[in-house]
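Data block below; observations after.
2 protein chains.
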Amino acid sequence: MLKNIVFASKPEKEELDERLKAAKNKLSEQQIQITEHKIPVLVLVEGWGTAGKGSAIGKIIQNIDPRFFKVASMDRPTQEEQRKPFLCRYFTRLPEAGKFMLLDSGWMNEVAGMSLREELSRKAYEQRIASIRRFERQLTDNGYLLMKFFCHISKKEQKKRIRMLEKNIDTRWRVGEEDRWQNKHYEKCREVFGQYMEDTNAPSAPWYIIDSKSRKWAELQILEQLTQGIEIALQNRSLAVPLLQNVFPLKQMPRLAEIPLDKAVAEQEYKEELNRLQKQLGELHNRLYRKKVPVVIAYEGWDAAGKGGNIKRITGALDARGYEVHPIASPEPHEKARHYLWRFWTRLPKEGHIAIFDRSWYGRVMVERLEGFCSENDWKRAYNEINEFEKELHDWGAVIIKFWVQIDKDTQLARFTARQNTPGKQWKITDEDWRNREKWDEYEIAVNEMIQKTSTTYAPWHILESVDKRYARLKALKIVIEELEKVL
Amino acid sequence: MLKNIVFASKPEKEELDERLKAAKNKLSEQQIQITEHKIPVLVLVEGWGTAGKGSAIGKIIQNIDPRFFKVASMDRPTQEEQRKPFLCRYFTRLPEAGKFMLLDSGWMNEVAGMSLREELSRKAYEQRIASIRRFERQLTDNGYLLMKFFCHISKKEQKKRIRMLEKNIDTRWRVGEEDRWQNKHYEKCREVFGQYMEDTNAPSAPWYIIDSKSRKWAELQILEQLTQGIEIALQNRSLAVPLLQNVFPLKQMPRLAEIPLDKAVAEQEYKEELNRLQKQLGELHNRLYRKKVPVVIAYEGWDAAGKGGNIKRITGALDARGYEVHPIASPEPHEKARHYLWRFWTRLPKEGHIAIFDRSWYGRVMVERLEGFCSENDWKRAYNEINEFEKELHDWGAVIIKFWVQIDKDTQLARFTARQNTPGKQWKITDEDWRNREKWDEYEIAVNEMIQKTSTTYAPWHILESVDKRYARLKALKIVIEELEKVL
Chain R
0 MLKNIVFASK PEKEELDERL KAAKNKLSEQ QIQITEHKIP VLVLVEGWGT
50 AGKGSAIGKI IQNIDPRFFK VASMDRPTQE EQRKPFLCRY FTRLPEAGKF
100 MLLDSGWMNE VAGMSLREEL SRKAYEQRIA SIRRFERQLT DNGYLLMKFF
150 CHISKKEQKK RIRMLEKNID TRWRVGEEDR WQNKHYEKCR EVFGQYMEDT
200 NAPSAPWYII DSKSRKWAEL QILEQLTQGI EIALQNRSLA VPLLQNVFPL
250 KQMPRLAEIP LDKAVAEQEY KEELNRLQKQ LGELHNRLYR KKVPVVIAYE
300 GWDAAGKGGN IKRITGALDA RGYEVHPIAS PEPHEKARHY LWRFWTRLPK
350 EGHIAIFDRS WYGRVMVERL EGFCSENDWK RAYNEINEFE KELHDWGAVI
400 IKFWVQIDKD TQLARFTARQ NTPGKQWKIT DEDWRNREKW DEYEIAVNEM
450 IQKTSTTYAP WHILESVDKR YARLKALKIV IEELEKVL
Chain V
0 MLKNIVFASK PEKEELDERL KAAKNKLSEQ QIQITEHKIP VLVLVEGWGT
50 AGKGSAIGKI IQNIDPRFFK VASMDRPTQE EQRKPFLCRY FTRLPEAGKF
100 MLLDSGWMNE VAGMSLREEL SRKAYEQRIA SIRRFERQLT DNGYLLMKFF
150 CHISKKEQKK RIRMLEKNID TRWRVGEEDR WQNKHYEKCR EVFGQYMEDT
200 NAPSAPWYII DSKSRKWAEL QILEQLTQGI EIALQNRSLA VPLLQNVFPL
250 KQMPRLAEIP LDKAVAEQEY KEELNRLQKQ LGELHNRLYR KKVPVVIAYE
300 GWDAAGKGGN IKRITGALDA RGYEVHPIAS PEPHEKARHY LWRFWTRLPK
350 EGHIAIFDRS WYGRVMVERL EGFCSENDWK RAYNEINEFE KELHDWGAVI
400 IKFWVQIDKD TQLARFTARQ NTPGKQWKIT DEDWRNREKW DEYEIAVNEM
450 IQKTSTTYAP WHILESVDKR YARLKALKIV IEELEKVL
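Take a look at the structure:
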């Protein structure tokens with residue numbers, strides 16, 4: 000995409016000033032609408048070294064109230080960041096609803112840079128491109144406006160700028176080894192950048208190549224494209240998004256009603272088995288840590304099915320420094336203002352660690368669906384988005400274990416009643432639990448659909464029959480051990 | 000504190016099991032009260048390498064619901080963390096109200112470790128001790144329960160454990176270079192650890208030395224101390240805390256009423272000066288970045304005094320990648336659940352960066368005082384706590400610039416009215432602004448007290464006379480330039 004580009008010619012000074020003034024005013028007005036309609040805007044400024052990415056961002060934000068924007072300058076990933084999936088540091092920086100986030104270089108720079116330094120095999124490059132396409136599509140599908148700019152200058156212009164900056168001790172630090180390298184290998188870079196842009200050019204998030212020889216002209220081009228993009232986003236904000244077909248291999252799963260719940264284990268056998276399995280898991284945890292495998296365990300299930308006690312039997316076997324339990328309640332305001340997967344991306348384990356989610360991202364297709372916290376289009380789209388999310392974790396090397404803790408309606412009633420009658424346990428039961436119980440049948444439909452549509456081969460659901468809690472605990476331990484042994 | 004310790008003797012198995020059961024039950028019950036009364040609990044587990052810190056934490060949390068605790072294992076600071084004040088990574092991890100945070104090693108391990116590796120001069124060590132004492136006192140003053148444990152084992156026992164762990168490939172990684180070093184220099188470590196504990200032993204947060212030769216016995220000691228500490232915290236939770244005298248040098252400051260507001264600058268002169276000063280500041284920003292000096296600028300002032308426009312003239316001179324503006328609104332739920340300085344610690348600039356706060360931590364002694372969002376004891380204590388906070392930033396090497404943007408009551412009225420009559424500016428004026436205006440006189444008392452009590456020599460207030468906004472903008476630019484030049 001970077002070959003034989005014919006740019007519009009730069010207007011005369013007078014016209015340029017006038018259009019600039021108009022674009023600035025427009026952006027000033029639009030920021031209010033963006034806030035009003037709660038649209039999150041992500042502006043990605045990529046481009047050649049010394050092309051003026053930072054100063055372009057500086058110009059844009061002069062038109063936006065500081066309450067409504069953030070700027071992040073993305074260097075190479077830190078050691079800490081390298082212990083997470085590569086998209087994690089971008090996902091966690093997503094703007095809130097009604098706010099702008101401007102990124103000075105982003106995932107393009109990271110991936111194209113690695114490609115140039117020959118740190119990625121062909122296959123790894125393609126995997127990342129696929130991840131990026133899914134990531135960008137998920138953003139726009141979820142109402143994000145994503146504007147991608149590439150600031151372009153010629154080899155000659157870049158050389159001139161590098162020399163200029165190097166002359167002054169106070170600007171010399173701005174020229175990195177990478178900039179000089181780029182200039183020396185300009186043709187190769189042009190090819191890789193162009194290829195990347197072709198690979199990630201999508202109708203909902205196209206690339207805008209900005210002629211950056213003149214700062215003011217570059218500013219105008221960006222502002223005009225940005226304000227146009229915002230205008231379209233404002234018009235389209237109520238449109239539904241197409242539902243994509245699932246492209247991941249699925250496992251055949253039983254329906255909840257078909258699952259026999261009479262499995263049980265005797266007290267003495269339980270104690271011995273528990274002891275043995277916990278010891279085994281503890282040893283695996285050490286190995287996991289040494290081999291830097293991340294593990295994600297998600298628990299879903301009926302209220303009072305025994306999730307908490309089940310989790311406790313897993314954690315009882317683990318070193319406290321190597322795992323974290325994330326109880327997922329309804330989202331707080333700052334979480335609600337972001338992509339619904341944001342609060343899970345921000346809670347991913349480091350390599351070698353275990354993250355246990357007590358309730359999870361599946362809330363989207365259960366409680367959010369049933370309570371109308373999101374639109375029908377949102378939750379229908381979510382099956383695929385969740386499969387994609389888990390694919391990302393899987394590609395990163397994570398072991399993903401998903402448990403549905405199953406009981407029948409009578410068992411739930413018995414446990415609710417017992418809780419209510421036990422002083423130390425009353426805090427565990429709320430009016431909401433009773434309300435949810437009334438919707439049992441609707442939930443069952445949703446759960447069945449969820450299990451059918453998200454049991455991918457790389458992240459299948461496991462059913463824990465938990466009328467006998469001891470049985471469910473031992474089964475969970477066995478499954479965790481089995482899944483870990485596969486990779487260790 | 001680590002010499003000639005006489006530990007209580009370990010009870011017989013039967014007694015031990017019984018007491019352990021009782022302590023566990025007690026903690027299970029207490030966690031509910033902790034949540035109910037919104038007490039944040041910070042448990043610091045320090046000690047010798049291989050003394051069993053991690054497993055002690057593992058035992059404690061088995062008695063707490065995962066919704067109510069977090070565990071963090073503090074390694075040596077990352078590069079990213081090294082670019083912040085040393086207490087920052089602890090402050091940002093403070094538990095929420097009603098929750099437990101358990102730290103596997105913390106600031107003791109960091110500071111004593113540096114001391115042992117001779118990375119701290121005598122003076123630097125003492126500075127850190129003073130910081131830590133202030134930090135811990137601020138925590139307990141603000142209602143945190145801070146429990147500090149030191150897990151103690153003998154040289155011989157440590158040696159034995161290191162050998163055991165080294166035998167197995169899966170546990171070998173647990174033995175660090177540091178553990179071996181400690182064992183080799185046991186006597187020296189004992190001295191440094193003991194000295195550190197003496198230096199930081201405070202009535203409100205004393206050290207508990209735990210005889211850790213037997214795991215179970217160590218668990219019991221910790222659980223008994225912890226439950227006792229919680230019991231006392233529950234009893235004391237409504238007690239007021241003594242107000243400490245200010246110990247930092249203060250600058251004499253005028254009262255607001257004494258400040259002449261007739262200063263003005265002509266349009267033409269303003270344009271030229273603005274241009275000149277912005278250019279100068281832009282160059283300083285480059286130098287700042289190169290010399291890695293962090294800068295914190297706080298804006299406070301009357302509504303409609305012109306803070307926003309003033310900030311814009313500063314940021315207009317800066318590289319967008321090197322600063323961030325933090326507009327401070329009323330705290331969100333997850334912020335309210337923490338120490339009131341938490342949301343500022345989490346927003347500190349990196350070295351070489353500038354953080355501009357549009358409103359700041361001074362809300363504690365203005366809006367929170369006047370609206371009764373905190374107790375009288377809270378805001379009266381805050382003057383000193385804020386001076387301490389800024390001292391921390393100053394010791395870290397930060398330039399701190401605080402602006403009070405001053406106008407008179409008539410000017411405010413004129414600007415409110417103008418905003419209300421200008422379609423594009425109506426969103427800037429709310430009912431709350433009018434309500435605050437009614438409390439002008441009360442605010443003036445609070446502001447005067449604030450300026451008198453927090454104008455330390457290392458972080459004095461600067462008054463910006465802003466009836467003529469142009470004058471105020473130029474003055475702000477000049478002050479920023481002057482303060483930066485002092486350190487560059």
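Chains as they are written, first to last, in numbering that gives the first Met the number 0: chain R, 0 to 487; chain V, 0 to 487.
For each residue, glycine too, the CB sits at the ideal point set by N, CA and C.
Spatially closest choice to residue i from the options, by CA coordinates
| i | options | result |
| --- | --- | --- |
| N285 (chain R) | V:L164, V:A297 and V:F402 | V:L164 |
| I128 (chain R) | R:D198, R:Q157, R:F90 and R:R179 | R:D198 |
| A303 (chain V) | V:Y457, V:D432 and V:Y124 | V:D432 |
| P205 (chain R) | R:E135, R:E117, R:R320 and R:A336 | R:E135 |
| F356 (chain R) | V:F6, V:S203, V:N386 and V:R66 | V:R66 |
| R317 (chain V) | V:Q227, V:L283, V:D16 and V:W172 | Reading the sequence as shown, one finds Leu at residue 317 (chain V) and not Arg. Taking only the C-alpha atoms, the option nearest L317 (chain V) is V:L283. |
| V406 (chain V) | V:T416, V:A471 and V:R434 | In the sequence under discussion, the amino acid at residue 406 (chain V) is Ile, which differs from the Val named in the question. The candidate whose alpha carbon is nearest that of I406 (chain V) is V:A471. |
| A297 (chain V) | V:E13, V:E109, V:S72 and V:E389 | V:E389 |
| Q277 (chain V) | V:R312, V:E266 and V:P293 | V:R312 |
| A96 (chain V) | V:E391, V:R133 and V:V40 | V:V40 |
| C373 (chain R) | R:E45, R:K474 and R:N141 | R:N141 |
| K215 (chain V) | V:W301, V:P10, V:P241 and V:I385 | V:P10 |
Beta-carbon neighbours of residue i, restricted to chain V and to distances below 8 Å
| i | result |
| --- | --- |
| V366 (chain R) | Going along chain V, no residue has its Cβ under 8 Å from V366 (chain R), so there is no contact; the nearest lies around 17 Å. |
| I313 (chain R) | Going along chain V, no residue has its Cβ under 8 Å from I313 (chain R), so there is no contact; the nearest lies around 11 Å. |
| T170 (chain R) | N285 |
| E282 (chain R) | D169 |
| E56 (chain R) | Correcting the residue identity first, residue 56 (chain R) is Ile in this sequence and not Glu. Within 8 Å Cβ-Cβ: A319 and R320. |
In DSSP terms, what residue i is bridged to
| i | result |
| --- | --- |
| F99 (chain V) | V:V40 and V:F68 |
| F148 (chain V) | V:V44 and V:Y207 |
| V324 (chain V) | V:I355 |
| F402 (chain V) | V:Y298 and V:H461 |
| S249 (chain V) | Reading off the sequence shown, one finds Leu at residue 249 (chain V), where the question assumed Ser. Its beta-bridge partners are V:T455. |
| A201 (chain V) | V:A204 |
Under 9 Å from the C-beta of residue i: neighbouring residues of chain R
| i | result |
| --- | --- |
| D440 (chain V) | Result: empty, since nearest Cβ-Cβ is about 28 Å, beyond 9 Å. |
| T77 (chain V) | T77, Q78 and E79 |
| G53 (chain V) | D318, A319, R320 and G321 |
Under 9 Å by beta carbon: chain V residues contacting residue i
| i | result |
| --- | --- |
| S72 (chain R) | A319, R320 and G321 |
| E28 (chain R) | G423 |
| D357 (chain R) | P65 and R66 |
Within chain V, the residues that residue i reaches when beta carbons sit closer than 7 Å
| i | result |
| --- | --- |
| H333 (chain R) | E331 and H333 |
| R289 (chain R) | D169 and W172 |
| W426 (chain R) | I31 |
Amino acids of chain R, ordered along the chain, whose beta-carbon sits closer than 8 Å to that of residue i
| i | result |
| --- | --- |
| V324 (chain V) | P65 |
Neighbour list for residue i in chain R, Cβ cutoff strictly below 7 Å
| i | result |
| --- | --- |
| D103 (chain V) | R320 |
| I209 (chain V) | Chain R residues near I209 (chain V): none, gap ~16 Å exceeds 7 Å. |
| A194 (chain V) | Residue identity check: residue 194 (chain V) is Gln in the sequence provided, not Ala. Within chain R, no residue comes near Q194 (chain V); the closest Cβ sits about 27 Å away, beyond 7 Å. |
Worksheet item: Taking the runs of the alpha helix (DSSP H) that are 4 residues or longer, which of them lie wholly in the region 339 to 381 of chain R?
Response: 341 to 344 and 366 to 369
Item to complete: Report yes or no: do the region 81 to 90 of chain V and the region 343 to 350 of chain V share at least 3 C-beta pairs separated by less than 8 Å?
Response: yes
Item to complete: Go through the region 273 to 300 of chain V residue by residue and report every complete run of the beta strand (DSSP E) that reaches 3 residues or more, in order.
Response: 294 to 300
Worksheet item: Is the region 286 to 294 of chain V close to the region 28 to 37 of chain R, with three or more CB pairs under 8 Å?
Response: no
Practice prompt. Would you be able to state if there are at least three C-beta pairs under 8 Å between the region 240 to 256 of chain V and the region 443 to 450 of chain V?
Written response: yes
Worksheet item: Should the region 257 to 269 of chain V be regarded as contacting the region 60 to 76 of chain V, the criterion being three or more beta carbon pairs within less than 8 Å?
Response: no
Discussion item. Assess contact between the region 111 to 125 of chain V and the region 364 to 384 of chain V, defined as three or more Cβ pairs (one per stretch) separated by less than 8 Å. Is contact present?
Written reply: no
Worksheet item: Would the region 357 to 376 of chain R and the region 439 to 447 of chain R be scored as touching if the rule is three or more Cβ pairs under 8 Å?
Response: yes
Worksheet item: Is it a yes or a no for the region 217 to 224 of chain V touching the region 18 to 28 of chain V, going by three-plus beta-carbon pairs under 8 Å?
Response: yes
Worksheet entry | Stretch pair the region 172 to 183 of chain V + the region 230 to 237 of chain V: three plus CB contacts closer than 8 Å | no
Fill in: Those runs of the alpha helix (DSSP H) which lie wholly inside the region 401 to 449 of chain V and span at least 4 residues
408 to 420 and 430 to 437
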